[in-house]
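Numbering (this note's numbering), first residue to last: 3 to 150.
As structure tokens, then:
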């Protein structure tokens, strides 16, 4: 998904959309799977970035808050294969990745909201080219809550 799933330019674009989309899919599945003869106790399997997302699910408080039951998790490659960044690091990397979007240069905008508006109107092909400079998903660690 690259920039389409994990772009982080606060406050206009808060990132982790790829992660949140997968949480929504798990919530939908856990709520409705019994209607199809399945069990609401889910087994997750992931490879590469999928293994990383499953690792995130295992420690995310959103899973418990939404009542999602993960019974098993199968990681068939290294977990945490994606970089995890602070919000500042993720914002800098997102801006760097989008430097190839010719119609929207971050330096031309005083605030993130105006920059986000430009990106919303930029040609999709230009934004997709940012993935060609090895934009890796930047999972921003603020969604983890550490408790005592």
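Cβ coordinates follow ideal geometry from the N, Cα and C atoms, glycine included.
Since the model is a prediction, treat every value here as computed from it, not as a measurement.
Closest residue to residue i among the options (Cα-Cα distance)
i: residue 47; options: 74, 94, 9, 127; result: 74
i: residue 90; options: 124, 11, 125, 63; result: 11
i: residue 120; options: 105, 56, 37; result: 105
i: residue 114; options: 93, 6, 131, 45; result: 93
i: residue 66; options: 7, 43, 17; result: 43
Per-residue DSSP class, three states only, for residue i
i: residue 35; result: helix
i: residue 14; result: coil
i: residue 25; result: helix
i: residue 126; result: helix
i: residue 70; result: coil
Distance, residue j Cα to residue i Cα
i: residue 61; j: residue 127; result: 35 Å
i: residue 122; j: residue 77; result: 35 Å
i: residue 112; j: residue 13; result: 13 Å
i: residue 116; j: residue 96; result: 15 Å
i: residue 40; j: residue 32; result: 9 Å
Residue i, enclosing alpha helix (DSSP H) - first and last residue
i: residue 54; result: 51 to 61
i: residue 121; result: 114 to 123
i: residue 7; result: 5 to 8
Start and end residues, beta strand (DSSP E) containing residue i
i: residue 40; result: Per DSSP, residue 40 belongs to no beta strand (DSSP E) and is neither H nor E.
Proximity test, residue i beta-carbon vs the ligand ZN heavy atom, cut-off 6 Å
i: residue 59; result: With respect to the ligand ZN, the structure shown offers nothing to examine, as it has no ligands at all.
Contact between the segment 63 to 77 and the segment 25 to 45 (3+ Cβ pairs under 8 Å): yes
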